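This report refers to the structure that appears directly beneath it.
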Amino acid sequence: MSALALASSLLLTLVLQASLLLGLVWIAERLRLLRDPGHAELAWRAALFAGLLATGLHGCGLLSGGGDGSTGTPAVLARSGAPAPAPVGLGDPVPTPGAAAAVPAVPPAAFHVPGRLRANRNDATSAAPAASPATTAAPPGLVLPVPELLALALVLLWAAASLRAGRGLARQLGDVRRLQRGLESVTEFAIPAALRADADTLAAEFGIRRPRLHLLEGLASPMLLPTLRGPTLLLLPAWTGDLAPRQRRALLAHEFAHLARRDPAWRLATRIALLPLAWHPLARHALARLEALAEHACDACAARLQGDGRPLAECLAVCLEHAAGHRSTCSPRLAVAMADDAGAVVRRVANLLEKTPMNTRTPSPALRRGALVAAVAVALALPGLAITLVGTDAVASALESGLLIGEQVTTSRDGISTWRRADADGRMLLRVRGEVRVSADDRRIEGLGDGAFFEYSRRRDGVEHAVVLRRSGDALVQEFEVDGESRPFDSEGRAWLAAELPALLRETGLNALQRGVRLLAEGGTPALLAEIAGLRVDHVRRAYLEVLFANAPLDAAQWAQAMDRVTGIGSDFERRLCLHAALAQATTPARRAGVFDAAAGIASDFELAELLIEAAKQPPVAAELGAWQRAVAALDSDFELRRVLDASLEHARGDRRVVLAALEAAERFSSDFELRQLLETAAPAARTDAALRARWLQRAGGLGSDFERRSALTALIDVDHVDIDVADGVLVALAGVRSDFEAAVVLTELAGRMPYDAGLVERYRAAARRLDDFERGRAERALDRFAAL
Numbered sequence: 000m001s002a003l004a005l006a007s008s009l010l011l012t013l014v015l016q017a018s019l020l021l022g023l024v025w026i027a028e029r030l031r032l033l034r035d036p037g038h039a040e041l042a043w044r045a046a047l048f049a050g051l052l053a054t055g056l057h058g059c060g061l062l063s064g065g066g067d068g069s070t071g072t073p074a075v076l077a078r079s080g081a082p083a084p085a086p087v088g089l090g091d092p093v094p095t096p097g098a099a100a101a102v103p104a105v106p107p108a109a110f111h112v113p114g115r116l117r118a119n120r121n122d123a124t125s126a127a128p129a130a131s132p133a134t135t136a137a138p139p140g141l142v143l144p145v146p147e148l149l150a151l152a153l154v155l156l157w158a159a160a161s162l163r164a165g166r167g168l169a170r171q172l173g174d175v176r177r178l179q180r181g182l183e184s185v186t187e188f189a190i191p192a193a194l195r196a197d198a199d200t201l202a203a204e205f206g207i208r209r210p211r212l213h214l215l216e217g218l219a220s221p222m223l224l225p226t227l228r229g230p231t232l233l234l235l236p237a238w239t240g241d242l243a244p245r246q247r248r249a250l251l252a253h254e255f256a257h258l259a260r261r262d263p264a265w266r267l268a269t270r271i272a273l274l275p276l277a278w279h280p281l282a283r284h285a286l287a288r289l290e291a292l293a294e295h296a297c298d299a300c301a302a303r304l305q306g307d308g309r310p311l312a313e314c315l316a317v318c319l320e321h322a323a324g325h326r327s328t329c330s331p332r333l334a335v336a337m338a339d340d341a342g343a344v345v346r347r348v349a350n351l352l353e354k355t356p357m358n359t360r361t362p363s364p365a366l367r368r369g370a371l372v373a374a375v376a377v378a379l380a381l382p383g384l385a386i387t388l389v390g391t392d393a394v395a396s397a398l399e400s401g402l403l404i405g406e407q408v409t410t411s412r413d414g415i416s417t418w419r420r421a422d423a424d425g426r427m428l429l430r431v432r433g434e435v436r437v438s439a440d441d442r443r444i445e446g447l448g449d450g451a452f453f454e455y456s457r458r459r460d461g462v463e464h465a466v467v468l469r470r471s472g473d474a475l476v477q478e479f480e481v482d483g484e485s486r487p488f489d490s491e492g493r494a495w496l497a498a499e500l501p502a503l504l505r506e507t508g509l510n511a512l513q514r515g516v517r518l519l520a521e522g523g524t525p526a527l528l529a530e531i532a533g534l535r536v537d538h539v540r541r542a543y544l545e546v547l548f549a550n551a552p553l554d555a556a557q558w559a560q561a562m563d564r565v566t567g568i569g570s571d572f573e574r575r576l577c578l579h580a581a582l583a584q585a586t587t588p589a590r591r592a593g594v595f596d597a598a599a600g601i602a603s604d605f606e607l608a609e610l611l612i613e614a615a616k617q618p619p620v621a622a623e624l625g626a627w628q629r630a631v632a633a634l635d636s637d638f639e640l641r642r643v644l645d646a647s648l649e650h651a652r653g654d655r656r657v658v659l660a661a662l663e664a665a666e667r668f669s670s671d672f673e674l675r676q677l678l679e680t681a682a683p684a685a686r687t688d689a690a691l692r693a694r695w696l697q698r699a700g701g702l703g704s705d706f707e708r709r710s711a712l713t714a715l716i717d718v719d720h721v722d723i724d725v726a727d728g729v730l731v732a733l734a735g736v737r738s739d740f741e742a743a744v745v746l747t748e749l750a751g752r753m754p755y756d757a758g759l760v761e762r763y764r765a766a767a768r769r770l771d772d773f774e775r776g777r778a779e780r781a782l783d784r785f786a787a788l
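Residue numbers for the sequence shown follow the numbering used here, beginning at 0 and rising by one.
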């Protein structure tokens with residue numbers, strides 16, 4: 000079965016089965032057949048995962064059945080009105096098993112290999128004879144003919160929607176992970192004792208491990224962060240400590256009910272399961288219903304433990320009040336938040352205040368097991384769709400001309416390199432494995448290494464030629480075809496290959512190392528530069544440039560020519576590899592500056608960062624620092640910028656110009672997280688130089704996040720003993736921290752390392768006086784170590 004037929008079969012099967020199962024649950028809810036919230040939640044969850052399971056089982060059946068989406072039709076592009084031709088074999092000797100195992104059975108349809116050669120390839124890959132169409136098993140499910148272009152459009156749209164949803168989920172996971180990393184170093188000492196005692200009591204009642212508690216400023220609603228290891232993180236708004244005891248206990252009971260139900264894990268699993276159905280309205284409705292039902296169940300549990308729903312309703316009202324007053328500073332969408340939907344919260348408050356007790360029943364273990372068995376049974380019973388691709392001559396012509404394929408270069412795990420190209424001149428397919436020895440004039444294949452083969456087919460002006468050379472024991476097997484007709488590989492075949500081979504070597508880069516070294520030996524550097532000038536494919540030009548930089552010492556003029564060839568490469572990946580190779584000969588500041596200037600033209604932040612990280616192993620000197628800064632300025636990604644600057648600081652070897660340049664480049668950060676990480680790396684250097692420290696503190700003052708600024712300042716403090724100048728700089732940078740908790744953490748850390756100085760202590764106390772009573776007390780007590788002085 001072709002990849003397009005398989006993908007379209009799975010897509011339509013998923014649409015059919017998900018629509019059927021989710022639609023049945025939706026109808027059941029509309030008819031009030033699922034009045035019990037626990038049963039409704041179980042039904043939605045079973046419908047969602049049963050549809051995915053059924054599609055997966057159907058896909059396994061299609062793959063194991065060996066069909067192509069039709070009954071007994073070969074997996075090639077079918078043209079309307081004419082059956083696809085079957086391959087014809089001519090009974091050539093079976094090659095050795097070692098050579099046979101490496102050759103795929105069927106080439107891609109758009110790059111047709113003539114019948115005789117295809118038959119030989121099939122023989123080489125399997126000792127068992129191929130099943131005839133009459134004995135080929137039909138694929139499971141309903142067979143549906145679909146035009147190729149329609150199938151391709153559907154699969155591309157589906158892939159785009161799933162990719163977009165996947166990127167969104169990856170961003171959400173990144174938000175959660177960054178928040179977790181930021182909280183890893185924070186202890187729980189600021190949690191009020193009464194709040195911690197309530198949490199311990201409720202954890203024992205629920206029979207779960209108590210999560211780590213954190214009070215955060217600017218948080219409108221409590222939330223649970225999903226974690227893969229360690230205790231779960233429960234983030235609580237700073238106003239939680241001001242709640243009445245019953246309200247505080249109701250809030251904690253609601254969150255602990257989520258933990259007992261494993262809602263954080265279910266939330267993540269459901270969102271992953273919905274990736275292939277991100278565009279489906281019923282799937283989105285299922286997600287919303289599952290989250291709403293989870294909140295209802297936890298509300299009911301909290302109300303039951305309190306004996307009344309009013310305390311939790313009052314907590315929800317406080318959440319709404321804070322959400323309306325200001326925007327939450329951190330609210331990852333993957334977090335299980337108690338009040339993240341204002342409309343739903345209002346309905347929940349009304350339910351909690353009703354006199355009728357809320358339904359608190361949960362499905363029994365027997366019912367859950369029954370639902371699992373039913374879901375598996377439904378998955379096995381649901382029909383699937385097997386797509387047969389129906390094409391027209393126009394579609395086939397478009398595929399063959401390269402409008403839908405273009406040029407591809409791949410290397411498989413078993414060492415087979417494949418080049419494919421389809422354009423207005425025709426199409427080409429080259430497959431090579433192992434050592435292929437080419438004559439010095441580039442016109443003959445002189446020999447093959449053990450287990451090697453060379454396959455080449457070319458269609459031009461309506462005529463297709465193909466040749467296969469392979470080792471069979473000690474003999475070299477040679478096969479030649481013209482338009483599918485087998486011919487001896489005599490003077491005609493050799494003349495055709497001799498005419499094709501020079502251009503083939505230049506177009507594919509085959510034997511680039513051997514040819515490049517030979518050109519250097521025959522004509523020196525000018526000969527290889529002239530050869531590179533005539534190459535039009537980026538990866539081939541890169542291969543020959545790597546040979547040049549590795550084997551030919553270049554004078555100034557030759558270096559300029561080589562760099563001109565590099566800047567003519569459009570692929571960011573290939574240009575990066577070229578410049579990486581050029582670094583070996585960039586032994587002067589002028590040459591390294593030229594490498595950095597050429598690197599500035601790389602559009603991909605990842606490729607540019609990889610090159611600059613490699614170049615950082617030799618720190619830039621003054622003459623090349625400007626070019627390095629221009630290359631760094633071309634980075635748009637904060638993550639890649641931070642990686643590059645970290646590498647520069649790591650290899651700076653105390654060079655203050657490099658550190659200063661890195662801190663200058665740090666002005667471009669828009670992410671507080673990335674800037675803070677860089678400042679932590681630069682903190683040791685900043686402690687040794689007043690000018691560097693001033694620039695470091697300036698960058699730290701630009702951190703908008705109180706948490707990130709606190710982390711950066713404590714990193715500066717922890718480098719070594721703090722003198723008066725460092726302490727004063729920290730106090731100035733601390734003035735912009737709005738969170739009393741974060742400011743108190745910095746002050747207590749500073750008090751433990753700063754020297755005693757009456758003026759400094761007074762400035763410290765002035766910074767502490769702006770804090771609330773609790774945090775100010777902590778900061779003041781940290782000065783007790785000076786009491787004996």
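Glycine included, each C-beta is placed from N, C-alpha and C at the ideal position.
What you are looking at is a predicted structure, and each value in this text was computed from that prediction instead of being measured.
Might you give, ordered along the chain, the residues of its own chain that have their beta carbon closer than 7 angstroms to the beta carbon of residue i, omitting 5 neighbours on each side?
| i | result |
| --- | --- |
| Arg541 | Ile568, Glu573, Leu576 and Cys577 |
| Asp448 | A quick correction: the sequence has Gly, not Asp, at residue 448. So the qualifying residues of the chain are Gly433 and Glu434. |
| Leu289 | Glu40, Trp43, Arg44 and Thr269 |
Taking the continuous beta strand (DSSP E) assigned at residue i, which residues delimit it?
| i | result |
| --- | --- |
| Ile415 | Ile415 to Asp422 |
| Met222 | Met222 to Leu224 |
| Glu463 | Val462 to Ser471 |
| Ala474 | Ala474 to Val481 |
| Leu611 | Counting along the chain, Leu611 falls outside any beta strand (DSSP E), though it belongs to the alpha helix (DSSP H) covering Asp604 to Ala614. |
| His213 | Arg211 to Leu215 |
| Phe205 | It is not in any beta strand (DSSP E) - Phe205 instead sits in the alpha helix (DSSP H) that spans Ala192 to Phe205. |
| Ser485 | Glu484 to Arg486 |
| Pro144 | Leu141 to Pro146 |
| Gly446 | Ile444 to Leu447 |
| Glu454 | Phe452 to Arg459 |
| Gly425 | Gly425 to Arg432 |
| Arg505 | From DSSP, Arg505 is part of no beta strand (DSSP E) but of the alpha helix (DSSP H) over Ser490 to Thr507. |
| Val718 | It is not in any beta strand (DSSP E) - Val718 carries neither H nor E in the DSSP assignment. |
Under a Cβ-count criterion, where at least 16 other Cβ atoms within 10 Å of its own Cβ denotes burial, should residue i be classed as buried or exposed?
| i | result |
| --- | --- |
| Cys300 | buried |
| Val565 | buried |
| Ala750 | buried |
| Thr54 | buried |
| Ser456 | buried |
| Ser1 | buried |
| Leu384 | buried |
| Glu320 | exposed |
| Arg780 | exposed |
Over the uninterrupted alpha helix (DSSP H) stretch that includes residue i, give me the two end residues.
| i | result |
| --- | --- |
| Pro236 | Not the alpha helix (DSSP H): Pro236 falls in the beta strand (DSSP E), residues Leu232 to Pro236. |
| Ser8 | Ala2 to Arg29 |
| Leu640 | Asp637 to Glu649 |
| Tyr543 | Asp537 to Asn550 |
| Arg769 | Looking at the DSSP string, Arg769 is not in any alpha helix (DSSP H), and its letter there is neither H nor E. |
Answer yes or no: the CB of residue i versus the heavy atoms of the ligand MG, is any distance below 7 angstroms?
| i | result |
| --- | --- |
| Val620 | The ligand MG is not among the ligands present in this structure, which contains no ligands whatsoever. |
Contact check, residue i vs residue j under 8 angstroms by CB: the rounded distance?
| i | j | result |
| --- | --- | --- |
| Asp604 | Leu634 | 5 angstroms |
| Arg436 | Phe452 | Going by Cβ atoms, the distance from Arg436 to Phe452 rounds to 13 angstroms, so no, they are not a contact pair. |
| Leu258 | Ile190 | So it is not a contact: roughly 17 angstroms between Cβ atoms. |
| Leu534 | Ala526 | Not really, about 13 angstroms apart at Cβ, beyond 8 angstroms. |
| Ala520 | Phe548 | With 8 angstroms as the limit, Ala520 and Phe548 do not qualify as a contact, their Cβ atoms being about 17 angstroms apart. |
| Arg629 | Leu659 | No, Arg629 and Leu659 are not in contact; Cβ-Cβ is about 16 angstroms, not under 8 angstroms. |
Looking only at its own chain, which residues have a Cβ that is under 6 angstroms from the Cβ of residue i, when we skip the five neighbours before and after it?
| i | result |
| --- | --- |
| Ala626 | Ala592, Phe595 and Asp596 |
Please return the same chain residues whose Cβ sits closer than 8 angstroms to the Cβ of residue i, not counting the five positions on each side in sequence.
| i | result |
| --- | --- |
| Glu649 | Ala615 and Thr680 |
| Ala732 | Leu696, Ala699, Gly700, Arg708 and Leu712 |
Item to check | Within the region 298 to 323, ranges of the alpha helix (DSSP H) (whole runs, at least 4 residues) | outcome: As summarised for the region 298 to 323, there are no continuous alpha helix (DSSP H) elements at least 4 residues long confined to that stretch.
Next on the checklist: Could you tell me which whole alpha helix (DSSP H) segments of length 4 or greater appear in the region 245 to 299?
Outcome noted: Fully enclosed alpha helix (DSSP H) runs of 4 or longer: 262 to 272.
Item to check | Runs of alpha helix (DSSP H) lying entirely within the region 575 to 603, each at least 4 residues, in chain order | outcome: Inside the region 575 to 603, DSSP marks whole alpha helix (DSSP H) runs of 4 or more residues at positions 588 to 598, from first to last along the chain.
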